Amino acid sequence: MNPLNPIAASLPITGDDVIQDLISVLNAQSDTYTQMYDVVRSRFLALAAVDFDTLTDLVGREQPMIAHLRRLESARTMLLRPLATRLGLIADRLTVTELCKHVSPEESKALAVARDRLVAVADRVQQANEQNRVLLEGCLDSVNDLAQSLLQAIEMNPQYGALGGAANQTGTGDPPRLADLRA
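First residue of the sequence shown: 270, per the numbering used here; consecutive thereafter.
So this is what it looks like as structure tokens:
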């Protein structure tokens, strides 16, 4: 492993012990997902409160985390490739679970703990994102229902033409739009 590799330079990789480097990357992924979980939960509250300033701030906080997770994933892949080659396994199919079968019991235990921690926090982020998706879909459904109600009201009231403007009684000029009329 070349410690001067640009991916490795900004990550918790020493190049001394591949297994320890992999554990460090998995732990760094867990830490980043934990921070992201806080952002995702805050996003739910901001969505519910219709707080666009907070939502904008959260997007700004989340983007560097996503970029960091991509770098960590690249580092993890970079670490697994030589291990797969050394173990005679297919690099693209090597998982931490499979790797645990081919290393010492101490390394296996440390890898499993790091993997389980990462899986648990990634699942929490996924569940929180799902909760946000459900909230957003509910909001969109509500807006759609309101739009449908307005369209039905326009269609049922003969005062308005087919496009939502007042029916042109005189045949001159542009008719006012529904939104132009005051209640």
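By construction, the Cβ of each residue, glycine as well, lies at the ideal position given by its N, Cα and C atoms. Note that the structure is predicted; figures quoted are calculated from it, not measured.
- Segment contact: the stretch 344-354 against the stretch 292-306, three or more CB-CB distances shorter than 8 Å; contact assigned.
- For M425 and A318, the gap between their C-alpha atoms comes out near 34 Å.
- Taking the C-beta atoms as reference points, L380 is found no nearer than 8 Å to L316.
- Distance from the CA atom of P351 to the CA atom of S299, rounded to whole angstroms, is 23 Å.
- Counting only runs of at least 4 residues, the stretch 344-393 fully encloses the following alpha helix (DSSP H) elements, listed from N- to C-terminal order: 365-369.
- For N296, the uninterrupted alpha helix (DSSP H) segment begins and ends at 287-318.
- With 16 or more other CB atoms across the displayed protein chains lying within 10 angstroms of its CB, A383 is buried.
- Distance from the CA of A391 to the CA of D286, rounded to the nearest whole angstrom, comes to 26 Å.
- Assigned with DSSP and collapsed to three states, N401 falls in helix.
- When secondary structure is reduced to three states using DSSP, N413 falls in the helix class.
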